[in-house]
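Take a look at the structure below.
2 protein chains.
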Amino acid sequence: MNIGDVARRSGLPPKTIRYYEDIGLVSPLRSGNGYRSFRESDLHKLAFLGRARSLGFTIDDCRTLLKLYEDDGRASADVKKIASDHLTRIDAKVEELLAMRRTLSHLVHECAGDNRPDCPILDDLAASASVDGPVEKSVHR
Amino acid sequence: MNIGDVARRSGLPPKTIRYYEDIGLVSPLRSGNGYRSFRESDLHKLAFLGRARSLGFTIDDCRTLLKLYEDDGRASADVKKIASDHLTRIDAKVEELLAMRRTLSHLVHECAGDNRPDCPILDDLAASASVDGPVEKSVHR
DNA sequence: CATAAGGGTTCCCCTGACTGGAAGGTCAAG
DNA sequence: CTTGACCTTCCAGTCAGGGGAACCCTTATG
Numbered sequence: 001m002n003i004g005d006v007a008r009r010s011g012l013p014p015k016t017i018r019y020y021e022d023i024g025l026v027s028p029l030r031s032g033n034g035y036r037s038f039r040e041s042d043l044h045k046l047a048f049l050g051r052a053r054s055l056g057f058t059i060d061d062c063r064t065l066l067k068l069y070e071d072d073g074r075a076s077a078d079v080k081k082i083a084s085d086h087l088t089r090i091d092a093k094v095e096e097l098l099a100m101r102r103t104l105s106h107l108v109h110e111c112a113g114d115n116r117p118d119c120p121i122l123d124d125l126a127a128s129a130s131v132d133g134p135v136e137k138s139v140h141r
Numbered sequence: 001m002n003i004g005d006v007a008r009r010s011g012l013p014p015k016t017i018r019y020y021e022d023i024g025l026v027s028p029l030r031s032g033n034g035y036r037s038f039r040e041s042d043l044h045k046l047a048f049l050g051r052a053r054s055l056g057f058t059i060d061d062c063r064t065l066l067k068l069y070e071d072d073g074r075a076s077a078d079v080k081k082i083a084s085d086h087l088t089r090i091d092a093k094v095e096e097l098l099a100m101r102r103t104l105s106h107l108v109h110e111c112a113g114d115n116r117p118d119c120p121i122l123d124d125l126a127a128s129a130s131v132d133g134p135v136e137k138s139v140h141r
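Chains as they are written, first to last, in this note's numbering: chain W, 1 to 141; chain Z, 1 to 141.
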């Protein structure tokens, strides 16, 4: 299979597949004309990677997951740990976004959104942007 | 004020402040020794930027918000639009993360996490990674 | 006076995970 | 012969800074 076929069947862009080869995630063969020649097993790996990436795993996680996948003697605990840690990261990110969301949503509701200049959103940005007050240490100017 | 003072009072790292100057968000004066010399108004801008960034606005949004902030003839509608659009982006991101979270959380609960190799997580990655079936067009190998 | 500490400066490279584009080789069809 | 669809490599850019080198300025201390 050429890269285009693999791209269609895996759903990954050719650029991404080349990139994955670059960083050593797949190692397709080469045909006489220099084209990459993918085996079914390469396609399978790429699809695995695509799925893992779509669940938000980092490339580094993917590399480890792929190794574990290919290791018949793996302990599922190792896989579970990677996934749990990732879940924790996701939760943290969601919390962060929801905190922003709360503030923003409040401000947006307060703002008239007309052609007048008065704007609680800008007020908040400017005010909460209150500065710590004059500096005391390092008094040299 | 030197950059260190401004960093302390605005909560932004000196590196970030220099970067903001680089991309034209602030324009501090220079003292005779070549040091940046920040006015209170620069500090204010930087604090504004820090607050906007902490709410997740992109640098580009920040640039626009800053312009609007300094424009007495602004329409609050313009500000509101930026904030609303950002809110929409946040919601989309949260949804995306929650979708990942649902799948991952399910898989993690299914996985024994012991020293045996059987692992529903890997099974899912490998299986959902099912390929589209043989390619029909572009049949040249 | 020398020097050390603790500011500051510019400059360049690095990050993650790709994406875009240029310049050029290969292959089958019309 | 040429067109068009593939493929190749390589370089540069993205976003928002962070790390670190090499060097300058100022003040305090021995």
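All C-beta atoms in this analysis are idealised placements derived from N, C-alpha and C, irrespective of residue type, glycine included.
Rounded to whole angstroms, what is the Cα-Cα separation between residue i and residue j?
i	j	result
GLY34 (chain Z)	ILE23 (chain W)	44 Å
PRO13 (chain Z)	ASP60 (chain W)	29 Å
HIS44 (chain W)	GLY4 (chain W)	15 Å
SER31 (chain W)	ALA75 (chain W)	37 Å
TYR19 (chain Z)	LYS93 (chain Z)	27 Å
ASP123 (chain W)	LEU55 (chain Z)	14 Å
PRO28 (chain Z)	LEU66 (chain Z)	16 Å
ILE17 (chain W)	LEU68 (chain W)	21 Å
ASP91 (chain W)	THR103 (chain W)	19 Å
GLY73 (chain Z)	GLU40 (chain Z)	23 Å
ASN2 (chain Z)	LYS15 (chain Z)	13 Å
ARG63 (chain W)	SER10 (chain W)	17 Å
VAL6 (chain W)	GLU21 (chain W)	13 Å
ARG8 (chain W)	ALA127 (chain Z)	17 Å
SER37 (chain Z)	ASP71 (chain Z)	24 Å
ASP42 (chain W)	ALA112 (chain Z)	28 Å
LEU125 (chain W)	LEU87 (chain Z)	16 Å
VAL139 (chain W)	LEU46 (chain Z)	The predicted model places VAL139 (chain W) with a pLDDT of 31, which falls under 50 and marks its position as unreliable; any figure quoted below should be read in that light. Taking the straight line from one Cα to the other gives about 21 Å.
LEU25 (chain Z)	THR58 (chain W)	32 Å
ARG101 (chain Z)	ASP114 (chain Z)	22 Å
Check residue i in the structure and name its three-state DSSP category.
i	result
ARG36 (chain W)	strand
ASP114 (chain W)	coil
LEU29 (chain W)	strand
GLY4 (chain W)	helix
PRO120 (chain Z)	helix
ILE23 (chain W)	coil
PRO13 (chain W)	coil
Would the beta-carbon of residue i be found less than 7 Å away from any heavy atom of the ligand NAP?
i	result
LEU29 (chain Z)	Of the ligands one can find in the structure shown there are none, so the ligand NAP has no counterpart to examine.
Fill in: the stretch 85 to 101 of chain Z in contact with the stretch 116 to 129 of chain Z per 3-pair CB rule at 8 Å
no
Fill in: Whole alpha helix (DSSP H) elements within the stretch 31 to 78 of chain W, 4-residue minimum
Taking 4 residues as the shortest admissible run, the stretch 31 to 78 of chain W contains the following complete alpha helix (DSSP H) segments, listed from N- to C-terminal end: 40 to 54 and 59 to 70.
Discussion item. Under 8 Å: do the stretch 49 to 58 of chain Z and the stretch 75 to 86 of chain W share three or more Cβ pairs, one atom per stretch?
Written reply: They do not touch, by the three-pair rule.
Item to complete: Taking 8 Å as the threshold, find out whether the stretch 106 to 113 of chain W comes into contact with the stretch 83 to 95 of chain Z through three or more Cβ pairs.
Response: yes
Worksheet entry | Runs of alpha helix (DSSP H) wholly within the stretch 82 to 109 of chain Z (minimum 4 residues, chain order) | None, since the stretch 82 to 109 of chain Z contains no complete alpha helix (DSSP H) of that length.
Discussion item. Closer than 7 Å between beta carbons: that is the criterion. Which residues of the stretch 99 to 113 of chain W meet it against chain Z?
Written reply: MET100, ARG101, THR103, LEU104, SER105, LEU107, VAL108, CYS111, ALA112 and GLY113
Worksheet item: What residues in the stretch 70 to 81 of chain Z bring their beta carbon closer than 7 Å to a beta carbon of chain W?
Response: ASP72, GLY73, ARG74, ALA75, SER76, ALA77, VAL79 and LYS80
Practice prompt. With 7 Å as the limit, tell me which residues of the stretch 11 to 43 of chain W have their beta carbon closer than that to any beta carbon of chain Z; keep them in chain order.
Written response: LEU43
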